[in-house]
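**Student:** Its first residue numbered 625, the sequence shown is counted upward by one per residue in my numbering. Don't be surprised by glycine CBs; every beta carbon is placed ideally from N, CA and C. Keep in mind that this is a model prediction, so the values were computed, not measured.
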Amino acid sequence: LFSVLFGRKWREGEPPLIKGWIPFVGKTLEFRKDSHQFLTKLQQQYGDVFTVLIAGKYMTFVMDPLLYPSVIKRGRQLDFHDFSDQAASVTFGYPAVRGGRFPGLSEQIQKLFRLLQGDSLDVLTFRMMGNLQVVLRRSLSIPEGAFPKDDWQAEDLYEFCYRVMFEATFLSIYGRPEQGAAHPGMNTLQENFRKFDSVFPLLIARVPIALLGQTKGIRQKLLSFFHPCRIGKWIDPCEFVQRRVHLFDQYDTLGDLDKAAHHFAILWASVGNTIPAAFWSLYHLLTHPEALAAVRQEIMGVVSQEEAESICTRDITLTREQLDRLIYLESALNESLRLSSASMNIRVVQEDFTLSLDAQRAVNLRKGDFIVLHPQSMHMDPDIYPQPRMYRFDRFVEAGREKTDFYKHSQKLHYYRMPFGSGSTQCPGRFFAVNELKQFICVVLLMFQLELPAGQEDARLDTSRAGLGILPPANHITLRYRPNSLQQPN
Ligand code: HEM
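1) Looking at the strands, I want to know which residues DSSP matches up with I995.
2) Can you tell me whether F685 sits near ligand 1, meaning its C-beta is under 8 Å from at least one heavy atom of the ligand?
3) Can you find the residues in the same chain that come closer than 6 Å, C-beta to C-beta, to A884, ignoring five residues on each side of it along the sequence?
4) N988 lies in the beta strand (DSSP E); which residues open and close that run?
5) Assuming E783 contacts V759 under a Cβ cut-off of 8 Å, what Cβ separation, rounded to an integer in Å, is found between them?
6) Confirm the yes/no value for this check: CB of F872, any heavy atom of ligand 1, distance under 8 Å.
7) So, at 6 Å on beta carbons, what are the nonlocal neighbours of N897 in its own chain, with the 5 sequence-adjacent residues on each side left out?
8) Pull the bridge partners of G1091 from the DSSP assignment, please.
9) At 4 residues or longer, and completely inside the stretch 878-926: list those alpha helix (DSSP H) runs for me, N to C.
10) Evaluate contact between the stretch 963-983 and the stretch 689-705, counting only Cβ atoms and requiring at least three cross-stretch pairs below 8 Å.
11) Under a Cβ-count criterion, where at least 16 other Cβ atoms within 10 Å of its own Cβ denotes burial, should Q1000 be classed as buried or exposed?
12) Identify the residues that DSSP records as bridge partners of A778: which are they?
13) So, helix, strand or coil for K845, using DSSP?
14) In the DSSP assignment, find the alpha helix (DSSP H) that holds L836 and state where it starts and stops.
15) Taking the beta carbon of L835 as the centre, do at least 16 other beta carbons fall within 10 Å, making it buried, or is it exposed?
16) So within the stretch 670-730, which uninterrupted alpha helix (DSSP H) runs reach at least 4 residues, ignoring any that extend past its ends?
17) Beta-carbon separation of E1060 and M752 under 9 Å?
18) Within the same chain, show all residues whose beta-carbon is closer than 6 Å to that of D709, passing over the 5 residues directly before and after it, in chain order.
19) Among V865, F794 and D876, which has the Cα closest to the Cα of H807?
20) Check R800 in the structure and name its three-state DSSP category.
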């Protein structure tokens, strides 16, 4: 209590301590306003490692990416899973998984993440390709096999990305409804999801749900969508979901709504970042003609002319091998992720200990403190990425291959791009995410002529969600589109 009211005292060997004037709040407001700018200033003043009081937590930031390995490798003393388990359970509404009530469940959940990779990834990717085409054709009101209308449609670009990625991902992961191609209630699910997502930063910051207006009722509706008796009727969910359903059924201590909450958490993980990532990837291409031309040419190198011309009415597939060949598109996606990602990597100090940073430096850390990596600062470092605010679609290509050597103070970096986190807590869906983003861009560019009408302001990042992944746009951008292939069928 004393330390909450009066703040704690710096001890010899600890990083510089910045705690502001207001107990508990500390530097929260400055951090939330613009975390990158705020931390850069502190780095200039205090050096590469410092501790800041933010929302009642002492957070030690390690700013120099050359020091990242010293944190990422200390899995035992710097753990994340207890923290994320607590935060996720409060946010999504299931009982914490760790801590004895559900023996083995946490390990099994982690094990099943491998079904988002390897051979299972090929299946997921194949499904996503089909679902993207189904959903996108529907957006032109084209019944399967019919010839498309040729008039232009206008839509908010973020809305376009939202509805397409949301539904296509949902169908790929959870399967089809009992009847028809579209789940009844998909629009309402999406609306409720957006309402929930808008208060997500507050929930994860442990603001009690009872203080957040309608949020509890909205979450209840979202959970009921995933009730086991509904999921059980969906046709052909992916193996990852099937195995999770089976796993949860082994635990009598998990109620139906607890299981539903686990399934809902996966929906959030799978679309929460992918949707804004799809927006920035498409937006940057549409605003950089040289990038668009290079990516289009690359896509035409992996699909046939006939496939490209018939995509408005006939499904095409892109194998993993074809997707892997799209290196300029991958670079363009990674560049968009670099510019829009603001996730923080948090670890919780498990015991008082001395963290050795490099041959010269070490700092004492206290049990319960957070150690934080802030990759956005690395992504915006001009030493690593010259002209860091500029979009360069080919930044991650060199001599026709993926470029992997990036330097800080002339030393090669082990970690230079971290939208998906790092080490033991790295996103298990990252390969699927990159594949589906590639597929999204391919299908959209093949299926449509697209343009952003002139006279619009540039898209800006909504920094209010800093720390939580890919930032959405702060302003409205209009997209105009119409079917690309206008040849009459014979
Ligand atoms: C966790 C980023 C897409 C599933 C994470 C984390 C990040 C992240 C930063 C936390 C890692 C850490 O704290 O170190 C992203 C981004 C995506 C994306 C930027 C898209 C552009 C996906 C997709 C899926 C997925 C498509 C699944 C289908 C998960 C899961 C976790 C996670 C299940 C929690 C892992 C755990 O509890 O250990 N993601 N993700 N993500 N992501 Fe992703």
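**Tutor:** If we stick to the structure as given:
1) I995 is bridged to T684 and R971.
2) Flag unset: Cβ of F685 not near ligand 1.
3) L847, F850 and H851.
4) Residues A986 to L989.
5) At roughly 13 Å, the Cβ-Cβ gap does not stay under 8 Å, so E783 and V759 are not in contact.
6) With a cut-off of 8 Å, the C-beta of F872 is classified as distant from ligand 1, since no heavy atom of the ligand falls inside that distance.
7) The answer, listed in chain order, is G1093 and I1094.
8) DSSP lists S967 as the bridge partner or partners of G1091.
9) Within the stretch 878-926, the complete alpha helix (DSSP H) segments of 4 residues or longer fall at 880-895, 898-910 and 913-924, listed in chain order.
10) By the C-beta criterion, the stretch 963-983 is judged to be in contact with the stretch 689-705, since at least 3 inter-stretch pairs fall below 8 Å.
11) The residue is buried, with at least 16 neighbouring Cβ atoms inside 10 Å.
12) Within the DSSP secondary-structure output, A778 pairs in a beta bridge with R1104.
13) Helix.
14) Premise fails: L836 is in no alpha helix (DSSP H) and is neither H nor E.
15) Using a 10 angstroms sphere on the CB of L835, the tally of other CB atoms stays under 16, which defines it as exposed.
16) Considered as a whole, the stretch 670-730 harbours 692-696 and 705-716 as its complete alpha helix (DSSP H) runs of no fewer than 4 residues, in chain order.
17) Contact check for E1060 against M752 passes: the beta carbons are separated by less than 9 Å.
18) Around D709: A720, V721 and R722.
19) The option with the nearest alpha carbon to H807 is F794.
20) Taken through DSSP and simplified to helix, strand or coil, R800 comes out as strand.
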